[in-house]
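Input: a single structure, listed below in structure tokens.
Residue numbers (my numbering): 391 to 804.
Written out as structure tokens, the structure reads:
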């Protein structure tokens, strides 16, 4: 939906600017904590983690501004949140540079899928409920950590959790103060009273990202690449595309896959995981309160500029976060993923392929490893195979539906 007559420097609205700020705030709270938690789980150094944060926000911000201005659509580019969880799990048993090699392979496959215009074909290769069940299995431990963290730091984490529940229950207040934001504020206030965090000990200066050369391991690539592709295309990009199309835009599907691949490739050399279209943030900036349809992309420009600024000072951010107890980060990461987990579980077991989804969920959750390849991959493989054993009718129904869609397209084109 490109519009050459639209001027970037005119027709700005206050609410559009505010929505850009809110989308930025969302992206640098809960999702950032998930990345930091994965870095902690994977045993990454502060310098590597700083470079990771720098890349996902600077590359994401530049991509957001470029795509939004070019297509005149509010397109929020960020990083795959479920993918960050997968990376943390993979780093526990694979080297950092081998994981970077898997990032590169994911990027190459994204670009191949985009060039061959086979995004939809990839999304249909594995039944969606089985994919979602794999993601649910990866995310469930984060939900469990919400409650386990309270045992480790009862006062701070307990009060933080209660505030989140209260703001969720009193939705009038929650409209102005999002529950996750209120929980973060209360958590840090209580933490500062119990064990003060020193801002002065951290240098407020521009970050210097590191450049890394990847290595390539078949077992790491096999374990991480397909799940990352699933999270980018079938989960994150699909959300953003659906939101854009539902409010009147025509999302450039293949271009978004292409730029996800390019952004992911850039990220990988700075130690960061895959770029994608951010569904929740796209929803915020694309809201009707951002103005007329042709002006809403300006909210994305605000978000992108703040994204870049945040990434440039990633080292300062890391210095602050380094002093925060891991249990509080786990709690806030779990709360940030709560709705994602709920939606993934609902998509897994609310329609067809329920038995395959169940096997995919259980295998992923079990940490089952075979030939040095982890459980997310085997969850997809065995979930699909066992679904074919138990649910042949679902596959037949799916095949007939796909034939019907294909024949309808052929009739329209003729």
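Every residue gets a Cβ at the ideal spot worked out from N, C-alpha and C, and that includes glycine. Here the structure is a predicted model, which is why all the values come from computation and not from measurement.
Item	Value
Using three-state DSSP, classify residue 465 as helix, strand or coil.	coil
So, does the stretch 497-513 touch the stretch 628-645, judging by three or more C-beta pairs under 8 Å?	yes
Thinking C-beta only, is residue 769 closer than 8 Å to residue 753?	yes
For residue 441, which residues from the same chain have a beta carbon less than 6 Å from its beta carbon, with the 5 sequence-adjacent residues on both sides left out?	599, 600, 660, 661
With distances taken from CA atoms, which of 672, 682, 671 is nearest residue 404?	682
Which of the three DSSP states is assigned to residue 665 in this structure?	strand
Fully enclosed by the stretch 475-551, which alpha helix (DSSP H) runs are 4 residues long or longer?	486-505, 509-515, 518-542
Given a threshold of 16 other Cβ atoms within 10 Å of its Cβ, counted over all protein chains shown, does residue 720 qualify as buried or as exposed?	buried
DSSP on residue 470, reduced to helix/strand/coil?	coil
Under a three-way DSSP split, which group does residue 378 fall into?	The requested residue 378 does not occur in the structure, where the chain is confined to residues 391 to 804.
Checking 8 Å against the spacing of the C-beta atoms, do residue 491 and residue 692 come in under that value?	no
Using a Cβ-Cβ cut-off of 6 Å (strictly less than) and excluding sequence neighbours within five positions of residue 425, which residues of its own chain qualify?	474
Less than 8 Å between the CB atoms is what I'm expecting for residue 477 and residue 437, so what's the real figure, rounded?	That belief does not hold up - the Cβ atoms of residue 477 and residue 437 are roughly 17 Å apart, past 8 Å.
Does DSSP put residue 617 in a helix, a strand or coil?	helix
I need the boundaries of the alpha helix (DSSP H) containing residue 687, first residue and last residue.	687-702
Taking only the alpha-carbon atoms, compute the straight-line gap between residue 469 and residue 562 and give it to the nearest angstrom.	30 Å
Going by alpha carbons, who is nearest to residue 780 out of 748, 758, 766, 790?	748
Along the chain, which unbroken stretches of the alpha helix (DSSP H) at least 4 residues long are found entirely within the stretch 403-453?	404-417, 420-431
Keeping to the same chain, check which residues put their C-beta closer than 6 Å to that of residue 484; ignore five residues upstream and five downstream.	610
For residue 497, which residues of its own chain have a beta-carbon under 7 Å away from its beta-carbon, when the five flanking residues on both sides are left out?	651, 654, 655, 658
Shortest alpha-carbon distance to residue 706 belongs to which of 443, 421, 402?	443
Rounded to whole angstroms, what's the CA-CA distance from residue 445 to residue 701? Just pull it up for me.	7 Å
Can you find the residues in the same chain that come closer than 6 Å, C-beta to C-beta, to residue 668, ignoring five residues on each side of it along the sequence?	466, 468
With DSSP run on the structure shown, which of helix, strand or coil describes residue 624?	helix
Can you check whether the CB of residue 546 is closer than 8 Å to the CB of residue 718?	yes
Hey, could you find the ends of the alpha helix (DSSP H) residue 744 is sitting in?	744-755
I'd like to know whether the C-beta atoms of residue 549 and residue 576 end up nearer to each other than 8 Å.	yes
Classify residue 605 as helix, strand or coil using the three-state DSSP reduction.	coil
If I'm right that residue 613 touches residue 439 with Cβ under 8 Å, what's the distance once you round it to whole angstroms?	About 21 Å separates the two Cβ atoms, so there is no contact after all.
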